[in-house]
Amino acid sequence: MKAQAPTAYGQGLSSQAQNLHWLLTNLVEEVPGIRSVAVVSSDGLLLLSSDPDRAEEAARPGGSDGPRGSSADLATIVSGLGSLTNGAAKLMDGGSVKQTMITMDEGSLFVMSISDGSLLGVHATPDCDMSAIAYHMALFVGRAGHVLTPELRSELRKSMESAQ
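Note that the working numbering has the sequence shown beginning at 49, numbered continuously upward.
#1: Give the C-beta separation of Ser161 and Ser144 to the nearest angstrom, bearing in mind that I take them to be a contact with Cβ-Cβ under 8 Å.
#2: Is the CB-CB distance between Leu167 and Ser98 below 9 Å?
#3: Going by C-alpha to C-alpha distance, which of Val159, Ser84 and Asp164 sits closest to Val195?
#4: In three-state terms, what does DSSP make of Leu132?
#5: Helix, strand or coil: which one does DSSP assign to Gly60?
#6: Does the Cβ-Cβ distance between Gly155 and Val87 come in under 9 Å?
#7: Comparing alpha-carbon positions, which option in Pro80, Leu95 and Thr197 lies nearest Ser119?
#8: In three-state terms, what does DSSP make of His194?
#9: Would Gly128 be called buried (16 or more neighbouring beta carbons within 10 Å of its own) or exposed?
#10: When burial is assigned at 16 or more other CB atoms within 10 Å of the CB, is Val123 buried or exposed?
#11: Cα separation between Trp70 and His171?
#12: With DSSP as the reference, label Thr173 as helix, strand or coil.
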């Protein structure tokens, strides 16, 4: 199943927020094998999603069984994994964590740090081209990292909350 590009919840935002939505849409549309993408703030809140309709559905009480693979679920996993790997890096005096990759029988999970402590998470199919996904994630992080200011994070959070 191909991830959906962001939809209506990206409308009415600042040009920087719209640019991030555009970057996320490009990532989803240009890289085969991506199931779901989430950008998560350093405090674990979902900022951007490739699957806003399912994130909204998962957030409604009784609205869903918690769809597996939705961006809301991905955001939770990415946040937890980011915390775990950062803790491990501190214990091992390994410096900062740049990327984490998990391969499973039925898919792959990639997590990449963004400059401000935010994280980019991608859930992909088992037959994805891992190097292509990692490359495009690095491009996204390079382009998004310098514009993801506290003001923009706040705007993105509010847009996600209003979509629910």
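From the three backbone atoms N, C-alpha and C, an ideal C-beta is built for every residue, glycine too.
Treat the numbers as computed from the prediction; the structure is a model and nothing was measured.
In terms of the structure at hand:
#1: 7 Å
#2: no
#3: Asp164
#4: helix
#5: coil
#6: no
#7: Leu95
#8: coil
#9: exposed
#10: A quick correction: the sequence has Ala, not Val, at residue 123. The residue is buried, with at least 16 neighbouring Cβ atoms inside 10 Å.
#11: 19 Å
#12: coil
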